[in-house]
Structure formats: C-alpha cells, structure tokens
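Down below is the structure, laid out as structure tokens.
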Amino acid sequence: MSERRSRVWAGIDAGKVHHWAAVVDATGATLWSKKIENDESAILTALGEILELADEVRWAVDISGTSSALLLALLAAHGQQAVYVPGRTVNRMAGAYRGEAKTDARDAYVIAETARQRRDFAAIDVPAQLAADLALLTVHRFDLVADRVRMINRLRDVLTGVFPALERAFDYSAHKGALVLLTGYQTPAAIRRRGRARITAWLANRSVRGADAVAATALEAAQAQQAALPGEDVAGQIVADLAAQILALDERLKRIDKQISETFRSHPQAQIIESLPGMGPILGAEFVVAAGDLAAHADAGHLASAAGLVPVPRDSGRRTGNLHRPKRYSRRLRRVFYMSAQTSIIREGPNRDFYLKKRGEGCKHVQAVIALARRRASVLWALLRDNRVFTPVLPATQAA
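With positions in the sequence shown counted from 1, the corresponding number in our numbering is that position plus 944.
Structural data, given as structure tokens:
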C-alpha cells in the first residue's frame, strides 16, 4: 500500500446519498475501497487519498447525471477526467467475476476493472454554464409537458363520465377557449340555463377567440344530453379545477419557452442550428444539450451513430448484410433529429423532396423520416464544422 504506482484505475459506483470508490492497479489488485458521502469535504478527502496512490489516476463512473454532478465538478476542478461506463456494461461484466453478490463495493470494483481493460469509453465533460442552463431548462420543460398531458387525460376521463357529448366536442389539448369554458360551465343543465348569448359574452370578457362558436358548440352538446348523471356536481368541480391548472401550466410553458429561446440564442452557433429547416430554438437547445461538444464526433457518421440513425450489422458466417436497429444510442438526440425531420417535410423544399423520394422507393413514413433524419445529421454536422448557415441551393465549389 505504501508503494506508489505509475497508474491506477478508480471506479465509482455513484449514488444520491453516497458513492463507493474502488481503486485497482495494473494487475487488478484492489488498493483502496471506501464509501464516500456525497459531500464536498468527503469527496475532496477521498480524492486526495486516491491521488497519493499513483502518478496517474484514470477515473470511471456509472452515472453522469445529477447524482454525480458534484463529484464530476470536483474532479474537473483538480484536472481529472472521468469516463462513463454504462450500467448495462457493468451488469454484464459483473458476471465475469467470481461470486453472485451485489454490493456497492463490488460494483465499484467491476467499474474500475472494466475501465482498466477497455479504452473506448466516452469521456465525461463538465458542461459549460450555457449548456448546463439549457439542460436544466429543457428537462424542466419536458416535465411540464408531461404534467399537461396527464392533466388533459384526467380531465377528459372525468368529463366523459358526466358529459360525454361535451368531451367529444373539443380538442382540449389545443383549444384554449374550451378550457376557459370548463372553468365556468361543466354540466349540460348549467349550459342550457345560461344560454348561448350570455355564455358568448362571458367568454368574450375572458378574451376567448371565436367565443360565439365555442358557445354554440357547447349548447349543442348540452341539448343532446337531458339526463343528469350521478356525481356530476363533484365531477364538475374537478373538471373546473383541472381546466384552471392546465391554463396556468400553459402560461408557465410560454415563459419557459421564452427563457429557453433567449438562452439558446446566446450560443455562438445558434443561428447556424436554427437555419436548418425544422430546427427551432427548443429543438436547437435540446440538440446542444444532447450532442455536447462537436469535437467529440469525428465525423457526421459518428454524430448519426450517437443518435441511433445508423443500422448495426449482425453478421455471422454466410449471413451478411443483416442490419438491425441499434440499442445503445442517445434517445434524446434521436428525438431531436426525428422531430426536426418530421417538421421539415411540411413545407416545400429539399427535405420534403427527399422524403417523397423515399416514399416513392417503397419506404413507409417512419422509414422515410429516419432516412431524412440521417441525411440532416450529416448536413448539420457539416454546417457546424464550416461555421455557415443552411441554404437551399448548394454552395459553389471553388478550385483548390
């Protein structure tokens, strides 16, 4: 233990409350293994002890999210860089070692051993302030959108139980006027009693567009149901509360969308990313977060592979050309390219032409969109590399 090594490998099984770190040497022998509280002073103490063991320490962690944020930041502050060992890899590598026990200490040892034997793991970079801000904002927006979908589904379910005709009358996910109506009127009797003229005035006072059409549709639904169902008064209160929450959530989403747009457009290459058809500030922000540093992708193929847009061969013997969908890729990055590709085919242009070409070749909609997304990954990578905006016309080729 007192002999200083030239190189050791430190594996860290990260957690919310504490981490477990294990250090192995070139022979795989354990030199150090301890529990570390997820606290700055405890991490710094362990960091000092591990750095005393060797001239070079190679770090590996199994979580690169919020649980290990403080740990990774302190490592970066001391000039140390960690690699990311996926949990699936750790799980499979654990079977190569003796015993069936599952402990934090064993997981940390497996992580260190895996990092010692493999050199192809991706390095974890502590994001810059802009990327960190966008990561927090986009994740928060995703949670708010999920909450909105859940509330709308709950509203439709409750409304179906007491007033199915009104539930069918509007698309509540996209109709603000219908939600405003539900904050005041939720039962057939209440709508009939109020009448079309007074409901129209009530909606107009709340700045609802097409107030007369909304009132007419609601009154038509109320006329179609004369029966009063059990529990409709309590259900009406729940519907009104849900509608008010959805409207408030819409306002929060507007504010956070504005904040994301302002933050994203301070990125030095934001104009280039937004110039690609279908890539707005929200998807652009998600791209910056999911793709990270462009230097990490050697070429456009690496970027497309990280997004899961490149098929993986599974050949064996005489079976060749057996291509399958990859399993290990960034779901978030794939979503950015897929959603932007699907948006870009709405308008006329090279993206829509390519999509229609693939459909003409016999591809289904999803297949054609994925093919377009793969092509757009190459285009975006080239634009960012050359630091120029997208143009529908190919740039003139200049002689070398």
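Note that the Cβ used here is the ideal one computed from N, Cα and C, for glycine as well. Model, not experiment: these values are computed from the prediction.
Cβ-Cβ distance between residue i and residue j below 7 Å
i, j, result
"residue 1066", "residue 1007", "no"
"residue 1229", "residue 1204", "yes"
"residue 1111", "residue 1123", "no"
"residue 1281", "residue 1321", "yes"
"residue 1085", "residue 1200", "yes"
"residue 1004", "residue 1059", "yes"
"residue 966", "residue 980", "no"
"residue 982", "residue 1001", "no"
"residue 1189", "residue 1283", "no"
"residue 1164", "residue 1131", "no"
"residue 1128", "residue 1152", "no"
"residue 1333", "residue 1219", "yes"
"residue 987", "residue 1018", "yes"
"residue 969", "residue 948", "no"
For residue i, the nearest candidate out of the options (CA to CA)
i, options, result
"residue 1038", "1055, 1022, 1244", "1055"
"residue 1247", "1142, 1016, 1278, 1223", "1278"
"residue 1061", "1330, 952, 1207, 1113", "952"
"residue 1106", "1064, 982, 1174", "1174"
"residue 1089", "994, 1328, 1117, 1108", "1117"
"residue 1287", "1224, 992, 1178", "1224"
"residue 893", "996, 1249, 1311, 1291", "The displayed coordinates of the chain run from 945 to 1344. Any statement about residue 893 would go beyond what the structure contains."
"residue 907", "1273, 1255, 1260", "Outside the shown range of the chain (945 to 1344) lies residue 907, about which nothing can therefore be said."
"residue 998", "1180, 985, 975", "975"
"residue 1207", "1015, 1227, 1219, 1222", "1227"
"residue 1179", "1108, 973, 1275", "1108"
"residue 1185", "1098, 1269, 948, 1314", "1098"
"residue 1181", "1125, 1311, 1285, 1042", "1125"
"residue 1028", "1198, 954, 1271, 1119", "954"
"residue 1325", "1232, 1272, 1258, 1265", "1232"
"residue 1013", "995, 984, 1215, 1034", "984"
"residue 1213", "1100, 1330, 1259, 1310", "1330"
"residue 1009", "1069, 971, 1270", "1069"
Endpoints, alpha helix (DSSP H) assigned at residue i
i, result
"residue 1276", "1275–1288"
"residue 1324", "1309–1330"
"residue 1057", "1048–1061"
"residue 1217", "1214–1219"
"residue 1081", "1073–1106"
"residue 975", "No alpha helix (DSSP H) contains residue 975, which is instead part of the beta strand (DSSP E) from 974–981."
"residue 1150", "First-last for residue 1150: undefined, no H or E at that position."
"residue 985", "984–995"
"residue 1194", "1176–1208"
"residue 1292", "Residue 1292 -> no alpha helix (DSSP H), and no H or E assigned at all."
"residue 1033", "1031–1038"
"residue 1133", "1132–1138"
"residue 1233", "1225–1235"
"residue 1245", "1244–1250"
"residue 1168", "That residue, residue 1168, is in no alpha helix (DSSP H); it is neither H nor E in DSSP."
"residue 1238", "Note, residue 1238: premise wrong, no alpha helix (DSSP H); not H, not E."
"residue 1016", "1013–1021"
Presumed contact (8 Å Cβ cut-off) between residue i and residue j, rounded CB distance
i, j, result
"residue 964", "residue 1026", "Contact flag wrong, Cβ pair sits at about 15 Å."
"residue 1253", "residue 1318", "4 Å"
"residue 1327", "residue 1299", "The pair is not a contact, with the Cβ atoms about 20 Å apart (cut-off 8 Å)."
"residue 1274", "residue 1251", "6 Å"
"residue 1285", "residue 1222", "6 Å"
"residue 1076", "residue 977", "So it is not a contact: roughly 31 Å between Cβ atoms."
Terminal residues of the beta strand (DSSP E) in which residue i lies
i, result
"residue 1026", "1026–1028"
"residue 1305", "First-last for residue 1305: undefined, no H or E at that position."
"residue 967", "962–968"
"residue 1124", "No beta strand (DSSP E) contains residue 1124, which is instead part of the alpha helix (DSSP H) from 1120–1128."
"residue 1005", "998–1005"
"residue 952", "949–957"
### Query
Okay, do the stretch 1117–1135 and the stretch 1151–1159 touch, 3+ Cβ pairs below 8 Å being the bar?
Yes, they touch.
#### Entry: Any 3 or more C-beta pairs closer than 8 Å across the stretch 1183–1201 and the stretch 1137–1150
Between the stretch 1183–1201 and the stretch 1137–1150 there are fewer than three C-beta pairs closer than 8 Å, too few to call the two in contact.
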